[in-house]
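Each residue of the sequence shown is one higher than the one before, counting from 65 in this note's numbering.
Remarks on the structure that follows.
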Amino acid sequence: MNRFDVDLHPATSGFTAQEDAADQDTAPYIPDARECMTCGACVSGCPTYKVRQHENFGPRGRVRLFERVLRRQEGLSDGEWQALDACTLCRACETICPSKMPYATLYRQTLEARESRAREPLVIRLLLGTLAQSGARQRALGGLVTVIQASGLQGLLNRLPVSTTRNGLGRMAKLLPATRLRRPAPRFSITSAPTRRGRIDLFTGCIASALDTATHHAAVKLLTRLGYDVGLLADQACCGAIHAHHGQADEARASARRNIEAIAASRADRVLHSASGCGAFFSEYPSLLKGDATAAPSDMASRVADIIDFLADNDALDTLRFRPLTARVVVHEPCSQRNVLRNQAAVYRLLDRIPGLDVTPLPGTNLCCGAGGTRMLTEPEIARPLRDDKVDAAEASEADLVLSANLTCALHLSSGLRERGLTTEVMHPVQLLANQLA
Ligand code: SF4
Ligand code: SF4
């Protein structure tokens, strides 16, 4: 059973009885605060509550704000909207709530219902606009980063003050990878193995298409050695998560429709994604597109998988040999992996393939690192202390490497390690596996 069988069927997904009922028609499920028992079980695991220690910065308080907006059609104060904006959407609250509040769905509906909002900082508007486009503009983003790196401009940008205002330019500059970007992976690669096992298309995403090319090259290397021809999924769009997280549900729906069509048109046996954040948002497509007559029927459940699951469960991996590596690595388990895909165990199974590797979870990995899509740019007062806790843990572990399967978490952690003067590299687990291929 792949993880879409888990995530797309509410009875086994952590999605809820309430949402089951809502699935009967096309109306969105609207919460009733009485369904929240106010037990507070969700509060202690909430990263934003940990930092702000205020009821509205935790899930219990936010559920009440959802109810006021969605059911009672009340307006919220600026402070209440700020409390909602600060949510990193880590979804730890969903995993623990005995009433099974469909927190992420309610959050998205509430942001969508917001009548007006302060204009986002220019940097964020530009980023969202770029990522809503596919192909050329995303590749241009990668080209721009390459030019910044090659020209030495990155050093200059890094000296911009990291202001705690919502202007994100200084913070965005500090997130750029310190190592030179690789060119995008080839559009199509033919297997080098004696036995051909099929064809895979890679969903490379938006920011990752520009900034995580090393992981895509690693995926191509592993998969072609295993016996698969590998293509880049044609006509793909951003998964849509970043827009939904900013209340731009129409843009998110447009991306979802386009990805569903791209996957339906693909001739590959499977479509694999490598960023856990994208995979987690794919599982929201049914709820996002509920009642949308223009959405094509989706065969995503049977065709899409996380590359980590695909590799860990693939018997053909026994045909590959991996060079030993005497190193200590700590694994940061992104919230999208822990709380939505719930496949973090597969990472450790994969890493077991590398002889000599000392692998442990990053201490405190059950709490969000604060990246939260773009929250690391827009909510620095919350994102930085959460990130610094992770940097403390990585430093204390004396790890040689930090692994993370979600690009935004990796960028956020990398910038924290660099600011601390540490040279510890952060990479995707698949990259480490490909590096050690014999
Ligand atoms: S999604 Fe995460 S940050 Fe948001 S309320 Fe739930 S636990 Fe808190
Ligand atoms: S865990 Fe669920 S029921 Fe308990 S306070 Fe949080 S939202 Fe309400």
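All residues carry an ideal CB built from backbone N, CA and C; glycine is no exception.
Quantities reported herein were computed from a predicted structural model and do not represent experimental measurements.
Please list the terminal residues of the continuous alpha helix (DSSP H) segment that includes residue i.
i	result
residue 468	First-last for residue 468: 465-468, but that is the beta strand (DSSP E), not the alpha helix (DSSP H).
residue 371	371-376
residue 262	Looking at the DSSP string, residue 262 is not in any alpha helix (DSSP H); the run it does join, the beta strand (DSSP E), is 262-267.
residue 149	142-149
residue 173	167-177
residue 157	156-160
residue 342	340-346
residue 352	349-352
Just checking residue i against ligand 2 - is the residue's beta carbon closer than 7 Å to any of the ligand's heavy atoms?
i	result
residue 440	no
residue 133	no
residue 163	yes
residue 160	yes
residue 169	no
residue 394	no
residue 466	no
residue 399	no
residue 147	no
residue 49	Residue 49 cannot be examined here, being either before or after the span of the chain that is shown, 65 to 502.
residue 101	yes
According to DSSP, is residue i helix, strand or coil?
i	result
residue 85	Note that residue 85 has pLDDT 42, beneath the 50 cutoff, so the model's placement of it is unreliable and the number below is only indicative. Three-state result, residue 85: helix.
residue 453	helix
residue 310	coil
residue 496	helix
residue 299	coil
residue 416	coil
residue 490	strand
residue 391	strand
residue 118	coil
residue 293	strand
residue 276	coil
residue 423	strand
residue 481	helix
residue 246	coil
residue 240	coil
residue 126	helix
residue 368	strand
residue 334	strand
residue 362	coil
residue 229	No answer about residue 229 holds up, because its pLDDT of 47 lies below 50 and its placement is not dependable.
residue 441	helix
residue 253	strand
residue 501	strand
Taking only heavy atoms of ligand 1 into account, decide whether any of them is closer than 7 Å to the Cβ of residue i.
i	result
residue 153	yes
residue 122	yes
residue 424	no
residue 412	no
residue 156	yes
residue 112	yes
residue 473	no
residue 109	yes
residue 126	yes
residue 433	no
Use the C-beta contact count for residue i: other C-beta atoms within 10 angstroms, 16 or more gives buried, fewer gives exposed.
i	result
residue 445	exposed
residue 254	exposed
residue 298	exposed
residue 451	buried
residue 443	buried
residue 370	buried
residue 162	exposed
residue 252	exposed
residue 493	buried
residue 147	buried
residue 471	buried
residue 249	buried
residue 101	exposed
residue 258	exposed
residue 366	exposed
residue 281	buried
residue 300	buried
residue 103	exposed
residue 117	exposed
residue 142	exposed
residue 186	exposed
residue 312	buried
Would you say residue i touches ligand 4, meaning its beta carbon is less than 7 Å from a heavy atom?
i	result
residue 105	In the structure on display, ligand 4 does not appear, and the ligands it does have are ligand 1 and ligand 2.
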